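As numbered in numbering that gives the first Met the number 0, residues 0 to 645 make up the sequence shown, in order.
Yeah, the Cβ is synthetic: ideal placement off N, Cα and C, and Gly gets one too.
Values in this document were obtained by computation on a predicted structure and should not be read as measured data.
Comments concern the structure below.
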Amino acid sequence: MDDLFTEGDPIADTRAPDGPVETRWERRRFEAKLVNPANRRKMTVIVVGTGLAGGAAAATLGEQGYRVKSYCYQDSPRRAHSIAAQGGINAAKNYRNDGDSVHRLFYDTVKGGDFRSRESNVHRLAEVSVNIIDQCVAQGVPFAREYGGLLDTRSFGGAQVQRTFYARGQTGQQLLLGAYQALERQIGLGNVEMNARHEMLELIIIDGKARGIVVRDMVTGEITTEFADAVVLASGGYGNVFYLSTNAKGCNVTATWRAHRKGAYFANPCYTQIHPTCIPVSGDHQSKLTLMSESLRNDGRVWVPKAKGDDRDPRDIPEDERDYYLERIYPSFGNLVPRDIASRAAKNVCDEGRGVGPTRLGVYLDFADAIGRLGRKAIEAKYGNLFEMYERITGEDPYEVPMRIYPAVHYTMGGLWVDYDLQSTIPGLFVIGEANFSDHGANRLGASALMQGLADGYFVLPNTVANYLAAGPFEKVDGSHPAAVEARRDVEDRIQRLLAIDGDRTVDSFHRELGQIMWEHCGMERSEAGLRKAIDEIRALRDQFWQRVRVPGDGEGLNQSLEKAGRVADFFELAELMCIDALHREESCGGHFRAEHQTPEGEAQRDDEHFAYVAAWEFTATGQPSVLHKEDLNFEYVHPTQRSYK
Ligand SMILES: Cc1cc2nc3c(=O)[nH]c(=O)nc-3n(C[C@H](O)[C@H](O)[C@H](O)COP(=O)(O)OP(=O)(O)OC[C@H]3O[C@@H](n4cnc5c(N)ncnc54)[C@H](O)[C@@H]3O)c2cc1C
């Protein structure tokens, strides 16, 4: 495609066993090499990230007897972004006896991802899901229970069973406290060295293997090189490339982008999830958007007025003048259609001029029926903290008036390419949780990110990393190695370069403008013309950034502008790759909706003949086109069909 990229050899996941899908994980675990307990003590693993994926991995590896060095940029591992997760975590426990099974969770997830994920990975995820709940209950995670004491579940989008376990609207927080306790125990025992407020700024590769990282102490500004036998990135997603998103403000792409520049392929960068139920944007002053959990769609009904521009108080609009459009268009899934479908439907009704609220970019999420049916107390027990959050932000009481919601950037399905062992294209570099691309295809179903993060951290990585470490311990290396010296110098030079620009625009102003370009052209709907325009605009803005950004202060201590500048510089490069990926994928699938490729009813139109592959991008050099490697996706169990939730 023009000179935007070149195409290289196909790539394959050589670690995934073949044979019946239900036996693959069992076989891989059996065939993977083990490390005996005495040897584990001689080996070090770096884990970047202390969210559910990284926290679980570091705690488990520490418990297994490895030496672990753990890093996060927050002041405590307990403040990783996972703490924000609200709605729940899926597991195929079938406690409700409502027809759930490992196979059904597998099926729903492959279908939900619009047939752009690997069957082997997804099946493993569904299998492991049941262990996660046992593990967390054993840790004391206070999942919601029914009156009789049994664990309660609720529904999430894209499923007709109730398999989502939850702890009110604070599931991530409670799960993270469980992982954090396990991590703290290993810190206390001396197995895990915790380095909070340390930011990884570069990967160190020695003899073709990931052997360490360059980190900056964010308080003192000190830059050090750290070494290990393997490096695990659990650094989360990159939704903040859009500036406005539901992610914590600190979420960024630097750890994975730096690894990408050093040789790790980046897979499906354009697959972004736009969540349908967020509090609408209220003005230019905003730096963050707030999610209203999908769990609310269990009881809330989504609607807009039938007539355009109907400004009446929603309570005065009679039933027959309301359009419960999700229930109308998708009668079998109703308000619980997957996120990509619900988001597009909201956009469509707003585009028709039927949006509500001051900006008209909003739809109602109405609890009046549920409150009438179940009573206010029951609704309060399930969603109280979410209602409170909504009221504090909007000044409206959702027990009295319907919530107003609109789609917003929420999650990134793309990430570093990994094989079945969760190893990237750089030997010794493993990637887990939202930072990798592995399990969700083109659209993640609700409550499945926590499931994946904990599956990777507690159960998958601790098995697969051993297969790699069995060949270790590797030759000792230190900061005098030329590769380490060079990586460290690169970090120092970059910091100096950012500080030296001394321009006239803040980092935030660049980030905001970048986000606007991305939302406009690479957001809910993409088109060839828009993406080409975006690529030009991103390049021009990036040039401006490197000439005009102003980073006050110095690098010798705490400097949040400097931290942000480095992250935004990486977002600029990522943004361009996202647009190129979106441009080359001449089909619509899941969250990637190309205006040119839709069914007559306006649904995503996949092109399985030409695009049933993972796009794995290789970095070449700054300013040079990336190389596209395709990994073919084969479906033996869940046969690709036009997704229907009608
Ligand atoms: C508001 C909200 C609600 C959500 N609700 C749900 C839900 O109900 N159910 C569900 O399944 N999913 C939910 N999700 C998605 C889910 O929370 C995330 O996908 C998941 O928690 C990511 O976990 P993680 O461990 O991969 O990364 P994170 O929790 O993002 O952790 C990343 C870690 O990496 C560290 N880090 C990053 N870069 C660096 C660096 N360069 N140097 C050092 N450290 C670094 C950070 O400090 C942090 O410790 C929600 C997401 C949002 C935004």
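Distance CB(residue i)-CB(residue j) smaller than 8 Å
i, j, result
"residue 252", "residue 540", "no"
"residue 159", "residue 153", "no"
"residue 527", "residue 582", "yes"
"residue 635", "residue 118", "yes"
"residue 648", "residue 174", "In the structure as shown, the chain begins at 0 and stops at 645. Residue 648 is therefore absent and cannot be evaluated."
"residue 518", "residue 241", "yes"
"residue 288", "residue 360", "no"
"residue 128", "residue 104", "yes"
"residue 115", "residue 589", "yes"
"residue 166", "residue 142", "yes"
"residue 121", "residue 438", "yes"
Beta-carbon separation (whole angstroms), residue i vs residue j, contact threshold 8 Å
i, j, result
"residue 353", "residue 592", "Incorrect: roughly 20 Å between the Cβ atoms, too far for contact."
"residue 494", "residue 554", "5 Å"
"residue 177", "residue 444", "In fact, because the Cβ distance is near 22 Å, the residues do not count as touching under 8 Å."
"residue 235", "residue 250", "5 Å"
"residue 557", "residue 550", "Not confirmed; about 13 Å, so no contact."
"residue 482", "residue 203", "6 Å"
"residue 195", "residue 76", "6 Å"
As assigned by DSSP and simplified to three states, the class of residue i
i, result
"residue 402", "strand"
"residue 251", "coil"
"residue 71", "coil"
"residue 269", "coil"
"residue 245", "coil"
"residue 211", "strand"
"residue 382", "helix"
"residue 631", "strand"
"residue 93", "coil"
"residue 108", "helix"
"residue 222", "strand"
"residue 314", "helix"
"residue 281", "coil"
"residue 597", "strand"
"residue 442", "coil"
"residue 117", "coil"
"residue 388", "helix"
"residue 193", "strand"
"residue 6", "strand"
"residue 667", "What is shown of the chain runs 0 to 645, which leaves residue 667 out entirely."
"residue 102", "helix"
"residue 177", "helix"
"residue 457", "helix"
"residue 202", "strand"
"residue 415", "strand"
"residue 435", "strand"
"residue 76", "helix"
"residue 426", "coil"
With 16 other Cβ atoms within 10 Å as the buried cut-off, status of residue i
i, result
"residue 29", "exposed"
"residue 643", "exposed"
"residue 392", "exposed"
"residue 623", "exposed"
"residue 228", "buried"
"residue 146", "exposed"
"residue 595", "exposed"
"residue 563", "buried"
"residue 99", "buried"
"residue 312", "exposed"
"residue 281", "exposed"
"residue 172", "buried"
"residue 338", "buried"
"residue 441", "buried"
"residue 608", "exposed"
"residue 144", "exposed"
"residue 206", "exposed"
"residue 96", "exposed"
"residue 520", "buried"
"residue 331", "exposed"
"residue 414", "buried"
Distance cut-off 7 Å: residue i Cβ against heavy atoms of ligand 2
i, result
"residue 57", "Inclusion of ligand 2 in the displayed structure is not the case, the ligand content consisting of ligand 1 alone."
Would you call the region 45–52 in contact with the region 217–224, where contact means no fewer than 3 C-beta pairs closer than 8 Å?
no
At a cut of 8 Å, does the region 404–412 reach the region 265–276 through at least three beta carbon pairs?
yes
Three-pair Cβ contact test at 8 Å for the region 293–310 versus the region 321–328:
The region 293–310, when compared against the region 321–328, does touch it at the 8 Å Cβ threshold.
Evaluate the contact criterion for the region 454–466 versus the region 187–207: three or more CB pairs, one atom per stretch, below 8 Å.
no
Say whether the region 460–480 touches the region 414–432, bearing in mind that this needs 3 or more beta-carbon pairs closer than 8 Å, one atom from each stretch.
Counting C-beta pairs closer than 8 Å gives three or more between the region 460–480 and the region 414–432, which meets the contact rule.
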